[in-house]
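Peer 1:
Numbering (the working numbering), first residue to last: 1110 to 1606.
So, in structure tokens, the structure goes:
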């Protein structure tokens, strides 16, 4: 048994963990990162993410600091809009049904932009505008309507690789295939971790520990226990290694559970995707453009208002509706008018897709669907589309339907122009919302509302921020903001200790 001592041990290998490691190292700490995955599968859920980043900004004068390589043509043809702190807070409050911890929300929002800039400076990674995802060329211009206008080059995989490279250059120690099993806890607080590597157990002493190893989305038993029946059948969008280990070891020493333990974020995911994320495909199984078409269940019926909100605000709730459908699948249906609007993930060769040049032929290819009712549904929908309102993909356009039991409020175009395309979808879980309670300094709190000395947490392991849903692009930023705070404050604590 070894007793190697470090100032800080970071448990996890995703964006929250690496931001914690970089931050702690920046403040002079000797840091060890314990990544449960092997090197080739490192990165947690970040490695599977598209990488969209939601930050506060005040238009082009702020955006150019993140995107200095924009061309003159891009600048002339893009309205980057503005996304204030008040708008960000309003979005967080609305999608979480006003349950978000207000202090954590304020911290996340007000530190969003500076933290993303800090990542850029630490890693030297380039950011790219979110054309085709968050803004579409319409009447010659792109128009962004929300706070996520950019992503790191290479998406989440590019981000995590850049963070690991920066950490290694700055002297952070990294161990792979290292599964933290329990916390070393004494009278003075947390004193390290017990870890298993290649079936051998050892104790690693540290002045402070940062838990940043995700939620329990990859744990079938926990999903069923906390999220409910049927969740054991969900696809997992990301890593297989987020099984709730960090949450469990913290609860055993008295940490306070917090947040929406019966809630999780999920999205419409390819029906035939593997059970866990595939790094070779990444987010290529995502089907996030359903609002530009209609969605049919096995009975051939529409089940929700596809245009109720932007996909970034509503895709979590849409996907969970699929959970209760026969066979737990649906078909997203489009015609040629939507082809230029679908995200690039629809073009992956792994897509469960059908196409046809006539509506009758198309309906017959929708496997598992009541053909007669599907055709009737499409015809009724087409007849209900408002033709007097202009279509605009860049924001709620009011082009809806009239007279339908389930309306489509925005982006309603008729399904009548071949070729027709259909994509079979189920739901894929991204992250769970229940976790540990932390302070605004990212220190874990016990059941008596007292900070546990030497224990910090960030990312998907934290509860109290996201409930029911979350604004698209805020997950990575949340992890980064509190990861950075966890590393910084753990380093200060280690010095005092």
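We treat Cβ as the ideally placed atom computed from N, Cα and C, and that holds for glycine.
Computed from a predicted model, the values in this text were never measured in an experiment.
Ignoring anything shorter than 4 residues, give me the alpha helix (DSSP H) runs that lie fully in the segment 1478–1530, in order along the chain.
Peer 2: Those alpha helix (DSSP H) runs which fall completely within the segment 1478–1530 and span 4+ residues are 1480–1493.
Peer 1: Rounded to a whole number of angstroms, what is the C-alpha to C-alpha distance between residue 1111 and residue 1304?
Peer 2: With a pLDDT of only 43 at residue 1111, under 50, the local geometry of the prediction cannot be trusted, and no value is derived from it.
Peer 1: Using 8 Å as the threshold, is the segment 1544–1562 in touch with the segment 1522–1531, meaning 3 or more CB pairs across them?
Peer 2: No, they do not touch.
Peer 1: DSSP three-state label for residue 1555, please.
Peer 2: Reduced to three states, the DSSP call for residue 1555 is strand.
Peer 1: Would residue 1323 pass as a contact of residue 1154 if the rule is Cβ separation under 9 Å?
Peer 2: In contact: residue 1323 and residue 1154 (Cβ atoms closer than 9 Å).
Peer 1: Select from 1175, 1127, 1575, 1414 the residue whose C-alpha is nearest the C-alpha of residue 1268.
Peer 2: The option with the nearest alpha carbon to residue 1268 is 1127.
Peer 1: Verify whether the separation of the beta carbon atoms of residue 1596 and residue 1206 is less than 9 Å.
Peer 2: No, these two residues do not count as a Cβ contact at 9 Å.
Peer 1: Quick check on the burial criterion: 16 or more other C-beta atoms within 10 angstroms. Buried or exposed for residue 1348?
Peer 2: Buried: at least 16 other Cβ atoms inside 10 Å.
Peer 1: Within the same chain, show all residues whose beta-carbon is closer than 8 Å to that of residue 1506, passing over the 5 residues directly before and after it, in chain order.
Peer 2: Same-chain partners within the cutoff: 1498, 1499, 1500, 1519, 1520.
Peer 1: Count the other CB atoms within 10 Å of the CB of residue 1358; is the residue buried (16 or more) or exposed (fewer)?
Peer 2: It is buried - the Cβ of residue 1358 has at least 16 other Cβ atoms within 10 Å.
Peer 1: Given that a residue counts as buried once 16 or more other Cβ atoms are within 10 Å of its Cβ, and exposed if not, what is residue 1259?
Peer 2: When all chains shown are included, residue 1259 counts as buried.
Peer 1: Roughly how many angstroms lie between the CA atoms of residue 1340 and residue 1331, to the nearest whole one?
Peer 2: Whole-angstrom Cα-Cα distance: 9 Å.
Peer 1: For residue 1115 and residue 1475, I'd like the C-alpha separation in whole angstroms.
Peer 2: Between residue 1115 and residue 1475, the C-alpha separation is close to 58 Å.
Peer 1: What does the alpha-carbon distance come out to for the pair residue 1284 and residue 1319?
Peer 2: So the alpha carbons of these two residues sit roughly 15 Å apart.
Peer 1: With DSSP as the reference, identify every bridge partner of residue 1252, one or two as the case may be.
Peer 2: Beta-bridge pairing links residue 1252 to 1188.
Peer 1: Who pairs with residue 1403 in a beta bridge, going by DSSP?
Peer 2: Bridge partners of residue 1403: 1442.
Peer 1: Report the partner residues of residue 1378 according to the DSSP bridge assignment.
Peer 2: Residue 1378 pairs with 1395, 1535.
Peer 1: Between the C-alpha atoms of residue 1194 and residue 1162, what's the straight-line distance to the nearest angstrom?
Peer 2: The straight-line gap from Cα to Cα measures roughly 15 Å.
Peer 1: Going by beta carbon distance, what residues of the same chain come within less than 8 Å of residue 1306, once the five residues before and after it are set aside?
Peer 2: For residue 1306, where only same-chain residues beyond five positions count, the Cβ hits under 8 Å are 1284, 1286, 1287, 1288.
Peer 1: Is DSSP giving residue 1110 helix, strand or coil here?
Peer 2: Residue placement at residue 1110 is poorly supported in this model, since its pLDDT is 34, which falls under 50; the coordinates still yield a value, given next. Reduced to three states, the DSSP call for residue 1110 is coil.
Peer 1: Would you mind sorting residue 1533 into buried or exposed? The rule is 16 or more other CB atoms within 10 Å of its CB.
Peer 2: The residue in question, residue 1533, is buried, as its Cβ has 16 or more Cβ neighbours within 10 Å.
Peer 1: How long is the line joining the alpha carbons of residue 1250 and residue 1445, rounded to whole angstroms?
Peer 2: Rounded to whole angstroms, residue 1250 to residue 1445 spans 21 Å at the Cα level.
Peer 1: On the DSSP bridge list, what partners appear for residue 1383?
Peer 2: None, per the DSSP bridge assignment.
Peer 1: Counting C-beta neighbours from all protein chains within 10 Å, is the total for residue 1604 16 or more, i.e. buried, or is it exposed?
Peer 2: Classification of residue 1604: exposed, given that the 10 Å Cβ count is below 16.
Peer 1: Take the Cβ of residue 1309 as the centre, count every other Cβ of all protein chains shown within 10 Å, and call the residue buried at 16 or more, exposed below.
Peer 2: Exposed.
Peer 1: For residue 1115, which residues does DSSP report across the bridge?
Peer 2: Its beta-bridge partners are 1315.
Peer 1: How long is the line joining the alpha carbons of residue 1438 and residue 1464, rounded to whole angstroms?
Peer 2: Going from the Cα of residue 1438 to the Cα of residue 1464 covers about 18 Å.
Peer 1: When we look at the beta-carbon of residue 1172 and count the other beta-carbons within 10 Å, is it buried (16 or more) or exposed?
Peer 2: Residue 1172 should be labelled buried.
Peer 1: Is residue 1107 helix, strand or coil by DSSP?
Peer 2: What is shown of the chain runs 1110 to 1606, which leaves residue 1107 out entirely.
Peer 1: In this structure, how does DSSP classify residue 1334 when only helix, strand and coil are distinguished?
Peer 2: Residue state, collapsed to three classes: helix.
Peer 1: Taking only beta-carbon atoms, is residue 1348 less than 9 Å away from chain C?
Peer 2: Note that chain C does not occur in the displayed structure, where there is just one protein chain.
Peer 1: Tell me the DSSP bridge mates of residue 1541?
Peer 2: According to DSSP, which records beta bridges pairwise, residue 1541 is partnered with 1373.
Peer 1: What is the DSSP secondary structure of residue 1225, counted as helix, strand or coil?
Peer 2: The answer is helix: DSSP assigns residue 1225 an H, G or I state.
Peer 1: Suppose contacts are defined by Cβ-Cβ distances below 9 Å. Is residue 1141 in contact with residue 1266 by that definition?
Peer 2: Taking 9 Å as the Cβ cut-off, residue 1141 and residue 1266 do not qualify as a contacting pair.
Peer 1: Just to confirm the assignment, what range does the alpha helix (DSSP H) spanning residue 1132 have?
Peer 2: It spans 1124–1135 - the alpha helix (DSSP H) in which residue 1132 sits, taken as one unbroken run.
Peer 1: Determine the direct distance from the alpha carbon of residue 1122 to that of residue 1264, and round the result to whole angstroms.
Peer 2: Distance between the alpha carbons of residue 1264 and residue 1122 is about 16 Å.
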